[in-house]
Structures are given as structure tokens and as C-alpha cells.
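J.: Chains R and P supply the protein sequences, listed in that same order.
Going left to right, the first sequence walks through residues 411 to 709 as the working numbering numbers them.
Going left to right, the second sequence walks through residues 16 to 315 as the working numbering numbers them.
Backbone N, C-alpha and C fix where the C-beta goes; we use that ideal spot for every residue, glycine too.
Remember, predicted model here, so these are calculated numbers, not experimental data.
Pasting a structure here, questions to come.
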Amino acid sequence: MRIAIASGKGGTGKTTVATNLGAVLADCAEKVTYVDCDVEAPNGHLFLRPEIKSETEVTRRIPVIDNDRCTHCGKCARFCQFGALTSLPNVTLVHPELCHSCGGCAIVCPSGAIREERVSVGTIRSGHAGGISFVSGTFTVGLANSTPVIRAAKEAAKSDADGWVLLDAPPGTSCAMMETVKGCDYVILVTEPTPFGLHDLRIAMEVCAKMKLPFGVVINRSGEGKDMIQAACVEASAPILAELPQNLDIARAYSLGILAVRALPELKRAFAQILLQIAARTRSRQAPKLFEAANTQLT
Amino acid sequence: MKPTPQAPFELVIVSGKGGTGKTTVSASFAALAGNAVIADCDVDASNMELLLSPTLRTKEDFTGGKQAVIDAALCTGCGRCARQCRFSAIHPAADAGRRRFAIEPSECEGCGVCVAVCPRKAVSMHPVVGGELFRSDTVFSPLVHARLKPGLGNSGKLTTLVRSRARQTAAECGRSLIIIDGPPGVGCPTIASLTGASQVLAVTEPTLSGEHDLARILELCRQFHLPVQVCVNKADINPEATGRIRKLAENSCVTFAGEIPYDEAIAKATRKGKPIVSAQPDSPAAKAITALWDRFASGS
């Protein structure tokens, strides 16, 4: 069961939901993997404090020009859709920050002057945090395209798919978010009861619908203004999986990097409810076992 | 602030971590500046329009990139394109028992490798409308904003277009200042929002996540040689962390611009669709943001 936790608007509580769901699943003795796909601003480790067992580099390919072979015909520069090559009368320049690593320039070069070299774009760290398997991608600051790191983080958790895999998505609704939610069994959209939260939730719901992904909504810091979120969910036929209260103790715990369910154990039920609803809605085989575990562990 | 007649001064508000208050600060600056151009560069979650009540003036389509399409009649099903596509966007398609291939638009990067390798010239590239760009009027200043089509990429390109239209608008209206509300993160749209900025303001919050992501955005500004200042929103929620952020700024040779207190008035103003400095100018948060703005306006 692969669940992505996304939002549209930033700072609504994706990491809070993802890490606490992880903790509740681990408490229920379920097999669970947390994957930090917010590779531009990864924060899951601050709450789960994992012991890192392995670190691997993520690389992508960029072209290198062999100037002895290059005839400066300009075919590569004309081919590149992203403007990553400039052909001048006696030199061809590569702009790695614009390159999408498609390999096309090497294919179209008639004189075999282009080979590809691997460059590092980020790091995947894997380890354990209590009963939670932990994977986190970190994108190198200063580069543009983070999707290869997201892809690598998802790949690193592939073998855990028989348990629960929680993918903590980046904010927004473009490339990076889509790369994260792609292929998931369910998407949790975390929002807040503000006009910003509502506006960005609508876009995120549209993206999920377009990608044919089932989704539900968690209203975080719920309180005044939640009726407009509820109305939008009715309109989009999206279930509201939980409402987490606006609570200073939760905010304080968050600022210190403490999991909400550790600061306020009574919240475990709300998080377990989210999982049970998703398990039921996706007719997951994991549903009955989780239901039993939740009843015995969380009462 | 020393504007030159040709190039406007561009103040970019970023954060690293999302939801720290970029738009709250930017919209208030827009209200306080009066005589500027506002650019909303968070194109996949553009919220400036919710606080500035814009009246739409012009609208244009944004052609982000291209997508490849296979002509089923010409495809012989050799599969060369599918083998060369590094984005796994080309899949076998069932077509009355005949083997052929089709491209999944949501996975197509638009690189054109399939066009280059197809021996039958069955693949062609087509421009895709990736979103819309708007120029609007607000009671404060002209606003340039955009909407990326849900499910499409290329947000960096659209961000660049928003900035270029904002510069045009500034030239047309004789404005010497552009206030830019940036996206979260440190990737492509953030870089597109930041390049060539005259001044960057990083808005963070006193949480471990806020601190961690601030360090990353400061590193990005350092690499791009951009002058940056830091302010902490909801500073009183965790004074210790605020102190650490102050230290981090000092150690990175970055100016600490100030603190904004946690204030319920911000959420209320947002619900009313107004910048806090207009809705409740006497609230503690509005006063703090006004003090911040005065610092920038006086050029310190």
C-alpha cells in the first residue's frame, strides 16, 4: 500500500501527517516505510531521528563534448529542446543546469563527439527509526531539476511495497509533486482552513483526479473557516479523513521536532482512523489486520 | 533602495520551507509600497490574488514546452523510440492486433529523442499550452500572476515569463520596484524567481524544519551571489529557535531583518482577503511588517 501525502500549499502539515502515520503504524506492529520525497526541503528526519545505515549518491547524465571530434555542425544545439547546448564557430558549450539528461544530443551527433558523464544531483539516505524503515532524498542545492532524486527515493523503497509506504511529497502541484504521487494507491491531501489552503487544495484535487488517483483530505489546524473546505470536498466528492485540531501543544512539539502522537498520545486514534478509512476505501488486504491491531494497541 | 531608470529594483521573498508567511509579507509590502509592480512567482499555488482583489486586465496563454505524438498510421511498432526514451513515456498500444506504440502525455519530457530515432518519421512534436499568465490591476499596484495548468510541469519557465512580464509592466507604468512572491523549495522555480534579484528576503519560522530549510535557501543565495536578509515569522512561538536563527544569519554574514510575532489577526485578515497591514494596521504583526518594510524602503 503506497500512500502519498501531498498538499498544494506549503506548510499545511504534510510532514506532520506522514511521520505521525508512520509512528502509529509502527506502534501497531505494521511494516512501514517513510520516504521523504520533499527533496528540496526534506524535514522528516527531524521528527523520526533515524539511524542512517546507508548513503547512496543519485546521479544523472550530462553531455561532454570531445572538441577534437566536434565539427561544430550545431546539430546537437538545434536538437536540444531545453537550450542546454550552444554551438559556436569553434566550440560547443554545455549548460548542465538546463540539461534534462535525455541523451538526444549524443544520438544526433554525426561525428560521435558527445559522450555522457554522470554527475551527482543528490543523496539517498536509508535507515531505521524505531519500527519504521526510513528513506530520505536530499537534492543538491544550486541545481534545478529535482525529479531524479525523487525517483531514486521511491525506487529505494520499492521492495517495501508489501507493507505500508508513506511518501512525504513536496508542496506545489507541478513536476516534483506529480513525480511523487505517480503510481500511488492513495493520496492524502493535507490542507488548512484558510483561503490559501482552499485555493491550493482545489488545484491539488484537480491534479489527482486528472492522474486518476483516489484521494482524501485531512484538515489540519481545523477551526474557523473549515466549512469552506468541507464544501469544496463535497463538490469534488472527496472524503474528509480527519480534522486535526488547532492546538498550541502540537505546534510547540512540532517546533521542537517532537512527533504529535508522542506529545499528545490521544491523537493516535485520529491518525489510526485515517489509515483505517484508506484501507477500507482501497479494499486493502491490510485492513482487517490493522483494524485489530489498532483496537488492541491504541485503546 | 537605489532604483535606476532602466532596471527596476527586484525584491524577492522566499522561504525554503512552505507556509512560513511569504505571501502574507509580500502582500503587505505591496500595500505599503503603493508604487510598485507585484509578481506572484509561486505559479502552482498562486495566492497573491486572494489578498489583493485583482481586476483582470489581460490574459495570455503560456506555451511551456512540447510533447511528442506518434502517428498511429505511420508507426510500424519497431519500438526503437520506447527503448531510447529515458522517461519511460512510450508504451505499447493495442491496436487491432497490430503492434504499435503510443506516448503517455503526462510522462513525456518533451525532449524529442523519439522524433530523432524513429525510422518512419512517425513522431512529431507539438507545443502544449501549459498555463495562463494574467496582468491585473489592484488598489495598490499592477499584479502579474499566472496559473500553471494542473498536471503540467514547466513551472520554472512560467516563473521566468512572469518576471519578464513584470519588468515590462514596470517599464510601461514607470515603476522602479518589483515585489516578487516566490515559491517554496530550492529547485527550478525558486532559482527562476531568484536569478538577478536586487535583494532577497527569506521568511522563516522558529521550528526545526524552518531552520533546516532556511540553511538551504541561504546556501542557494550564496551560490548565486545574492544579497539576502532573514526575518522570522511567529517568532515568539519558540524564542530559543528564533535566537538560533539570528545566530545562523550572523554566522552566514546575512542581515537579520526582524521578527514578526504570532498574531491571530493575520488569519482573520487572510479570511477577509486583505493584507494584514490594510485590514488591521494596529495589530502587532502589522506593526512588525511595517517596520520591516521601512527598513527595506530606507535601504538599510
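Looking only at C-alpha atoms, which of P:Leu176, P:Leu263 and P:Thr205 sits nearest to Ala230 of chain P?
T.: Per the Cα distances, P:Leu263.
J.: DSSP three-state call for Arg101 of chain P: helix, strand or coil?
T.: coil
J.: Would a C-beta distance cut-off of 8 angstroms place Glu645 of chain R and Ile629 of chain R closer than the cut-off?
T.: no
J.: Looking at the C-beta of Val644 of chain R, does it have a partner C-beta in chain P at a distance below 8 angstroms?
T.: Residue-level contact check: Val644 of chain R does not touch chain P, since none of the beta carbons of chain P fall below 8 angstroms from its beta carbon.
J.: Which residues, in order along the segment 618-629 of chain R, keep a beta-carbon less than 7 angstroms from a beta-carbon of chain P?
T.: Lys620 and Met621
J.: Listing by chain order, which chain P residues have their CB less than 9 angstroms from the CB of Thr422 of chain R?
T.: Gly33 and Gly34
J.: Buried or exposed for Ile313 of chain P, please, with buried defined as at least 16 other CB atoms from any protein chain shown within 10 angstroms of its CB.
T.: Inspection of the sequence shows that residue 313 of chain P is occupied by Ser rather than by Ile. In the assembly as shown, Ser313 of chain P is an exposed residue. Its beta-carbon has fewer than 16 other beta-carbons within 10 Å.
J.: Expressed to the nearest angstrom, what Euclidean distance is found between the alpha-carbon atoms of Gln491 of chain R and Ala87 of chain P?
T.: Approximately 24 angstroms, taken between the alpha carbons.
J.: Would you kindly report the start and end of the unbroken alpha helix (DSSP H) that includes Pro276 of chain P?
T.: Going by DSSP, Pro276 of chain P is part of no alpha helix (DSSP H) at all; its letter is neither H nor E.
J.: Restricting to Cα atoms, I'd like to know which of R:Met588, R:Arg535 and R:Tyr664 is closest to Asn430 of chain R.
T.: R:Tyr664
J.: Leaving aside the five residues before and after Pro18 of chain P along the sequence, list all residues of the same chain whose C-beta is less than 8 angstroms from its C-beta, in chain order.
T.: Residue placement at Pro18 of chain P cannot be trusted, given a pLDDT of 48 that sits under 50; what the coordinates show is reported in the next sentence. Result list for Pro18 of chain P: Phe24, Ser191 and Leu192, in chain order.
J.: Taking the straight line between their C-alpha atoms, what separation do you get for Trp308 of chain P and Leu47 of chain P?
T.: 7 angstroms
J.: Could you spell out the range, first to last residue, of the alpha helix (DSSP H) harbouring Ile517 of chain R?
T.: Gly514 to Val518
J.: Between Ile650 of chain R and the rest of its own chain, which residues show a CB-CB distance below 6 angstroms, the 5 nearest in sequence each way excluded?
T.: Val627 and Cys643
J.: Of all the CB atoms in chain P, is at least one closer than 8 angstroms to the CB of Ala433 of chain R?
T.: At a cut-off of 8 angstroms between beta-carbon atoms, Ala433 of chain R makes no contact with chain P.
J.: For Asp228 of chain P, report the span of its alpha helix (DSSP H) as first-last.
T.: Counting along the chain, the alpha helix (DSSP H) containing Asp228 of chain P begins and ends at Leu223 to Gln238.
J.: Please classify Thr426 of chain R: is it buried, with 16 or more other beta-carbons within 10 angstroms of its beta-carbon, or exposed?
T.: buried
J.: Considering only the beta carbon of each residue, do Thr153 of chain P and Ser224 of chain P sit closer than 8 angstroms?
T.: no
J.: For Ser632 of chain R, which residues in the same chain have their Cβ closer than 7 angstroms to its Cβ, ignoring the five residues on either side in sequence?
T.: Correct list, in chain order: Pro603, Glu653, Leu654, Pro655 and Gln656.
J.: Of all the alpha helix (DSSP H) runs that stay within the bounds of the segment 419-504 of chain R, which reach a length of 4 or more residues?
T.: 424-437, 454-458 and 485-489
J.: When burial is assigned at 16 or more other CB atoms within 10 Å of the CB, is Ala303 of chain P buried or exposed?
T.: Here Ala303 of chain P is buried, its C-beta having at least 16 other C-beta atoms within 10 Å.
J.: I think Lys419 of chain R touches Asp610 of chain R, with their Cβ atoms under 8 angstroms apart; what is that distance to the nearest whole Å?
T.: 4 angstroms
J.: What's the gap between the Cα of Ile195 of chain P and the Cα of Ala54 of chain P?
T.: 5 angstroms
J.: Is there a C-beta anywhere in chain P that falls below 8 angstroms from the one on Lys419 of chain R?
T.: yes
J.: Could you run through the segment 496-524 of chain R and flag, in chain order, every residue whose CB is less than 9 angstroms away from some CB of chain P?
T.: Glu507, His510, Ser511, Cys512, Gly513, Gly514, Ile517 and Val518
J.: Which residue marks the beginning of the alpha helix (DSSP H) containing Leu307 of chain P, and which one marks its end?
T.: Pro299 to Ala312
J.: In the DSSP assignment, find the unbroken alpha helix (DSSP H) run with Gln214 of chain P in it and report its ends.
T.: Here Gln214 of chain P belongs to no alpha helix (DSSP H); instead the beta strand (DSSP E) covers Gln214 to Thr219.
J.: Can you tell me which of the three DSSP states Gly146 of chain P falls into?
T.: Of the three classes helix, strand and coil, the one that applies to Gly146 of chain P here is strand, per DSSP.
J.: Below 7 angstroms between beta carbons is the criterion; list the residues of the segment 691-708 of chain R that meet it against any residue of chain P, in chain order.
T.: none
J.: Which word fits Leu216 of chain P, buried or exposed, when buried means at least 16 other C-beta atoms lie within 10 angstroms of its C-beta?
T.: buried
J.: Would you grab the beta carbon distance between Phe155 of chain P and Ala284 of chain P for me? Rounded to a whole angstrom, and I think it's under 8 angstroms.
T.: In fact, because the Cβ distance is near 14 angstroms, the residues do not count as touching under 8 angstroms.
J.: From which residue to which residue does the beta strand (DSSP E) around Gly258 of chain P run?
T.: No beta strand (DSSP E) contains Gly258 of chain P, which is instead part of the alpha helix (DSSP H) from Pro254 to Asn266.
J.: Assign His240 of chain P to one of two classes, buried (16 or more other C-beta atoms within 10 Å of its C-beta) or exposed (fewer than that).
T.: exposed
J.: Secondary structure at Leu167 of chain P, three-state DSSP: helix, strand or coil?
T.: coil
J.: What do you reckon, are the CB atoms on Phe549 of chain R and Pro460 of chain R nearer than 8 angstroms?
T.: no
J.: Got a sec? Which residues, its chain only, sit under 8 angstroms from Ser464 of chain R by beta carbon, not counting five neighbours each side?
T.: Arg535, Ser536 and Gly537
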